[in-house]
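J.: Please read through the structure below; I'll follow up with questions.
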Amino acid sequence: MPSKFDIEPSTLSSLHDPKSLRVLQRECGGIDALIDSLASNESLGLDPLLPDEDERIERYGENILPLKKTASLLRLLFEAFKDKILILLSVAAVISLALGLYETFGQDPEHDAEGREIPKVEWVEGVAIIVAIAVVVVVSALNDWQKERQFSKLNAMKDEREVVVFRGGAKTVISIYDVLVGDVLAVETGDVVPVDCVLIHGSCETDESALTGETHTIRKVAADQALKWYNENIPKDSEIDIGDQKHIPDPFLLSGSKLLSGMGRALVTSVGPNSIHGKILASLQVDTEETPLQMRLSNLADGISKFGFLAALILFIILLIKFLANLAPGRRFHDITPALKGSHVVDILITAITVIVVAVPEGLPLAVTLALAFATTRMAKDFNLVRVLRSCETMGTATAICSDKTGTLTENRMRVVRGLMGNISFDSLEGCHNEVSQLSDKLSTHLTTNILINSTAFENVNEDGDTATLTSHSTLRHQSFWSKLPFFKKKPNFGMFGSSEHFIGSKTECALLLFAKDDLRALDGCSLEVIRQMQEPSIVQVIPFDSSRKWSGVVVKQKEGLFTFYIKGASEIVLSRCVSRCTVDGTVTRISTSIKSSLESLITDYASDALRTISLAHRDFEVANWPPQKYVTDDETVADPDLLFGDTVDDSSRNFASNGKTDTVPAIVIQNDESSSSDSGLTLDGIVGIQDPLRPGVPEAVLQCKKAGVTVRMVTGDNLITAKAISSNCNILPKNRLDDPTAVMEGPAFRKLSEAERHAIVPSLCVLARSSPDDKRLLVETLKDQREVVAVTGDGTNDAPALKLADVGFSMGRSGTEVAREASDIILMTDDFTAIVNAIKWGRTVSTSIRKFIQFQLTVNVTAVVLTFISAVVSEEGKSVLTAVQLLWVNLIMDTLAALALATDKPDDSFLDQKPAGRHAPLISVSMWKMIIGQSTLQLIITFIIYFAGEKIFFESEPTDHQVSQIHALTFNTFVWLQFFKLWVTRKLDEADDLTTVKSRITARNLNFFQHFFRNWYFLFIAAIIGGLQILIMFVGGAAFSVTRQTGAQWATALICGALALPWGILIRIIPDVWVVKLFPTRAFHFLVRIISLGMFNLGKNKRQEPLSFGGENTELQYLSPFERAKDGLSKLSLGSHESLPLNPFKWRSRSSSSANSTLINLSSRGSNASDIERTTATGLATMVPTVVGGAVAGWHPDVWKAGPKETFREDEINSSDSSR
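In this text, residue positions in the sequence shown follow full-length UniProt numbering: the first is 1, and each later residue adds one.
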């Protein structure tokens, strides 16, 4: 059956790509014909029942972009197996299996001393390795699959939003996915256009730079005006179109463009993949970004891998040399078969490859990915929608928050509670019906017209009850996307959808509309939409609210030759332009200086009670046509808003008495006709005070931020007095600093300060009142210059620069514009400040989880590699005590299972007791190094004792082969249980970094590894799996895992030795960090770093890594090794000279001060005898082995930083030094 929609989708697409008035006029027949062909209506929009929805969708498509397909499990399995090391190990395992099968089936059976046939199990190891590789691949793929599913959910949430369309003449809020071709879309300042459309009413300015590359704003006009100009000025047979000439009017709104100003209605012409934005996105298929932490960990893994390759290469060479030596006549392997010789070579290769598998910490990037996946999903449950992954980890280091007031600190549930109408005041939460009854028709008309028409808010057609009759359908077709997501336990009101409020839009405008409805009785018997439709023909100009102007306006034609300009906005700004006021009886009187003072006092009183004050005013113009010529600038069709608003009225002009005294001068009646103020300033109609109570929990949340070392500043458009009252109530501004000029400033004064003055005042600044978005951006810029990590909240279009500039930008999910949301990193879906505190906790949780995993994995890495290396070298057969299959099990524990256990922790308030780590916090602190080295030392001592002395400890006589196998199995069992109990030690990091005495570090909080035992069920479950599987392996693993049944004594030994990790961990925690720093073997470190810096492994080449840090949460040690002065710099030590360098390559940086010029203390002078600290011993060199293996974690690099012992390093100086090299 032919479609009733004749116009082709390709024709609609050609309207915008490229923009073409010619196509609109010649192929579509003009805008009216286009509307008709799409079965729509300019004023009514589509039928709310959508009888042709299916046909419309079939013809023109849905506004849903083709989703990027997540990788299938099979694909992920393939990707996991593509790891080069695993492939190499698989090849070796297959060779081992082939040789094993040959020995089993191709050789004669062997018999023991009693003549019994010895079972052939040579093939078992090959099979076991292949199975172990399969398990590793499957588990890794399942982890990736789960991660991709979680990120897919979050990506879908990022794109979801709600838009306003006209259905049946009523404004209706729908999901962006439900917009259809033919819909009439309501657009206003701050919107991001969701579809391709043609403006049919109104005008606006847009930013299309993201789509077209045009950096300048583009003015849009209604299609009928554009076509009128086009038909009058362009010949019919001409091919000239938009883009050929700059002055051709443009009515086309491109999807993805941003409305910078203006408002109007637009006809939807292309949706989904047919729109401009859809076509661009469909061609990109952007992958998930890599966060800075992921990049740092990837670089770390690469660095450590090179040490692993070196260890494996050395081990392979040593074992191969030993094997070849044993092939000589009379030696061990001289008479063995060729198959066995080949098997031995393969065993050596497998051992070396397995060392690489264990040494390569591929679990590090996995850990941060898992941590971010869990954190972002759980943050969504707390109503923090993470749009940019890096912001999740950045919030953990935040040191400053610049917060809006309305809706973030307050409830954003505004009500008019006090006010002045004409010259009578009201002060009642119950309403002002008595005062309203005294209003003249003239004043009442001015007030209601200003409130109802000069507003972008509208009635909620979905509110339960009394507004259901305003439209033919009382409920929306679809629920909000947010509420349908399965991981939302709570169902908040995510903005406009399903709101219980009577009006939808700006909360200030909603409060005024509610005041007009309930108190002025302006909507009795008529809906707001009907009133606006009646007034629409008389509206000649609309000036939307702009946060830089702080007012909005509308010009209404009253009658022929008379136009009225209605203004509402910030009370003191509007009042400053008023020269008269309208009284209750409708007369207009001049505002004298005394009246001006009383009005200002009234505003001050309201502000002192934390009320937002709004002034309403008007101005009449007697002109034949709009706009008056003297108010026209660039655009001849509208008056310039600033010229209309006028300049501030000089108070001297209010003095009418010749003696200059105005207090005794009575108010002068000007005139009583509509043209009275045509050449004067504005006429004040009323002032209202709007109450917006603080959100519950905000004062406590601010105190939590202060305890966490995060400074909260309030940046608001409210006046100084209101800002003081609110900020004091929510604990941002201390009571004793209410009158401190350095604590509270106004935006205009702040922006006039010089750069030096701003840098001096910002550290003590708490409140920035009457500020514009530019002031907020300037504040953020200054804070970042002072090396603060800044989080910012914003809701307006003009907040976008500050949101982009901040380290983490928070936009408002309810009240924010789409431009602000697109510029932000995290969306506060409930606009609640307490959600920011949750974001800080989650950010710190991610950072802490990663540090836990690094600490655990490096301990296992060091111990496993050293144990494997030493045991293989000393073994007569060249075999490691830990077989390939055993090491693969250990690798599974330390990579995948440990990542799941440690990277899935939940936050708690204790994270807020710590100070922020700072912008360039090291991955490893002193306390972590202390635990890594200490636990590695314990594990190596225990395993070496069991391996080398176990036979003497457990057996009195010469051990049999079975007993030797028992000792090897005991070494493996003990090693795994050491990791098991080390996992419990790692679940809680050192929380006493600042404490420098042993006594002060002995606290339950610092030493209790079982605190919050049931907080993370993932950890408990995985710990149970590791323990259970290890027991199962020891009992039934047999030949596959090369284990032999253990005696009771051996089981007790393994468990007791493993449990020693707990008291040993307590002992390590008690040791102050500063002792570790003093004992650091500096000369050995210099020597090893010099070797590596020569480029042996290209470590640090072309990569900017972090300086090696031995700082805890509040301290940082920066590597200052003097390579280019190696000949004489190391031989000279002059602690008082700026020209010499200390032998110790670190400097201690205190983070206790927020100043950029942190004091650096020379560690070389921290002891009474520097030579004692610098002395290098064999023990010190041995201690450095695990340190160098993990060196990349700390982020040292071979760049040379030079400074004297008293110099301070600034980031810009370091960068400039690097660039000069």
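From the three backbone atoms N, C-alpha and C, an ideal C-beta is built for every residue, glycine too. On a predicted model such as this, the values are computed, not experimentally measured, just so you know.
Which residue comes first and which comes last in the beta strand (DSSP E) that contains residue 203?
T.: Run containing residue 203: 196-207, per the beta strand (DSSP E) assignment.
J.: Just the C-alpha distance for residue 349 and residue 1019, rounded to the nearest angstrom, thanks.
T.: C-alpha separation (whole angstroms): 35 Å.
J.: Could you give the distance in angstroms between the alpha-carbon of residue 329 and the alpha-carbon of residue 323?
T.: Rounded to whole angstroms, residue 329 to residue 323 spans 13 Å at the Cα level.
J.: Helix, strand or coil, according to DSSP, for residue 46 in the structure here?
T.: Three-state result, residue 46: strand.
J.: Specify the secondary structure class of residue 18 as computed by DSSP and reduced to three states.
T.: Here residue 18 sits in coil by DSSP.
J.: Please go through the region 568-652 and give each complete alpha helix (DSSP H) segment of 4 or more residues, from N-terminal end onward.
T.: Counting whole runs of 4 or more residues, the region 568-652 contains the alpha helix (DSSP H) stretches 571-575, 593-608, 641-645.
J.: Could you tell me the distance, in whole angstroms, from the CA atom of residue 1061 to the CA atom of residue 1016?
T.: Residue 1061 and residue 1016: Cα-Cα distance of roughly 21 Å.
J.: Under three-state DSSP, which class holds residue 729?
T.: It is helical.
J.: With DSSP as the reference, identify every bridge partner of residue 218, one or two as the case may be.
T.: 206.
J.: Can you find the residues in the same chain that come closer than 7 Å, C-beta to C-beta, to residue 965, ignoring five residues on each side of it along the sequence?
T.: So the list reads 1044, once near-sequence residues are dropped.
J.: Taking three-plus beta-carbon pairs below 8 Å as touching, is the region 529-538 in contact with the region 613-626?
T.: As far as the Cβ criterion goes, the region 529-538 does not touch the region 613-626, which means the pair count is below three.
J.: Measuring only the C-alpha atoms, how far is residue 223 from residue 610?
T.: For residue 223 and residue 610, the distance between alpha carbons rounds to 46 Å.
J.: When the Cα of residue 784 is compared with those of 682, 807, 180, which residue comes out closest?
T.: Measuring from the Cα of residue 784, the nearest candidate turns out to be 807.
J.: Spell out a yes or no on whether the region 1023-1042 and the region 954-974 are touching, meaning 3 or more CB-CB pairs, one atom from each, closer than 8 Å.
T.: The answer is yes - the region 954-974 touches the region 1023-1042, with three or more Cβ pairs under 8 Å.
J.: Rounded to whole angstroms, what's the CA-CA distance from residue 771 to residue 522? Just pull it up for me.
T.: Straight-line Cα distance between these residues: approximately 33 Å.
J.: Check each candidate in 41, 563, 384, 136 and name the one with the smallest Cα separation from residue 887.
T.: The option with the nearest alpha carbon to residue 887 is 136.
J.: Let me know if residue 1021 comes out buried or exposed under the rule of 16 or more other beta-carbons within 10 Å of its beta-carbon.
T.: Exposed.
J.: Please return the same chain residues whose Cβ sits closer than 8 Å to the Cβ of residue 239, not counting the five positions on each side in sequence.
T.: 22.
J.: Short of 8 Å in beta carbon distance, which residues of its chain neighbour residue 319, apart from the five on each side in sequence? Order them along the chain.
T.: Hits under 8 Å: 348, 351, 352, 872, 873, 878.
J.: According to DSSP, is residue 164 part of a helix, a strand, or is it coil?
T.: If DSSP states are grouped into helix, strand and coil, residue 164 belongs with the strands.
J.: Identify, in the order they occur along the chain, each residue of the same chain with its Cβ nearer than 7 Å to the Cβ of residue 1098, setting aside the five sequence neighbours on each side.
T.: Because residue 1098 carries a pLDDT of 44, less than 50, the predicted location of this residue cannot be relied on, and the following value inherits that uncertainty. Within the same chain, residue 1098 has no close Cβ partners at all.
J.: Who pairs with residue 402 in a beta bridge, going by DSSP?
T.: DSSP lists 713, 792 as partners of residue 402.
J.: In chain order, what residues of the same chain lie with their CB nearer than 6 Å to the CB of residue 517, ignoring the 5 residues before and after it?
T.: For residue 517, where only same-chain residues beyond five positions count, the Cβ hits under 6 Å are 523.
J.: Spatial neighbours of residue 681 within its chain, please: C-beta separation below 8 Å, excluding the five flanking residues on both sides.
T.: Correct list, in chain order: 577, 578, 579, 580, 619, 646, 649.
J.: For residue 752 and residue 778, I'd like the C-alpha separation in whole angstroms.
T.: Cα-Cα distance, rounded: 11 Å.
J.: Along the beta strand (DSSP E) that carries residue 690, what are the first and last residues, could you check?
T.: Segment 682-691, the beta strand (DSSP E) holding residue 690.
J.: Whole angstroms are fine: how far does the CA of residue 915 sit from the CA of residue 359?
T.: For residue 359 and residue 915, the distance between alpha carbons rounds to 33 Å.
J.: Between the C-alpha atoms of residue 707 and residue 591, what's the straight-line distance to the nearest angstrom?
T.: For residue 707 and residue 591, the distance between alpha carbons rounds to 50 Å.
J.: Rounded to whole angstroms, what's the CA-CA distance from residue 776 to residue 731? Just pull it up for me.
T.: Distance between the alpha carbons of residue 776 and residue 731: 20 Å.
J.: Output the distance between the C-alpha atoms of residue 762 and residue 798, rounded to the nearest integer angstrom.
T.: Cα-Cα distance, rounded: 22 Å.
J.: State the Cα-Cα distance for the pair residue 221 and residue 24, rounded to the nearest angstrom.
T.: Looking at the two C-alpha atoms, the distance is approximately 14 Å.
J.: Between the C-alpha atoms of residue 1003 and residue 398, what's the straight-line distance to the nearest angstrom?
T.: Answer to the nearest angstrom: the Cα atoms are 28 Å apart.
J.: Roughly how many angstroms lie between the CA atoms of residue 97 and residue 1053, to the nearest whole one?
T.: Going from the Cα of residue 97 to the Cα of residue 1053 covers about 34 Å.
J.: What is the DSSP secondary structure of residue 507, counted as helix, strand or coil?
T.: It is helical.
J.: Check residue 299 in the structure and name its three-state DSSP category.
T.: Residue state, collapsed to three classes: helix.
J.: Using a threshold of 8 Å, state whether the C-beta atoms of residue 418 and residue 686 are closer than that.
T.: It is not a contact, given that the beta carbons lie outside the stated cut-off.
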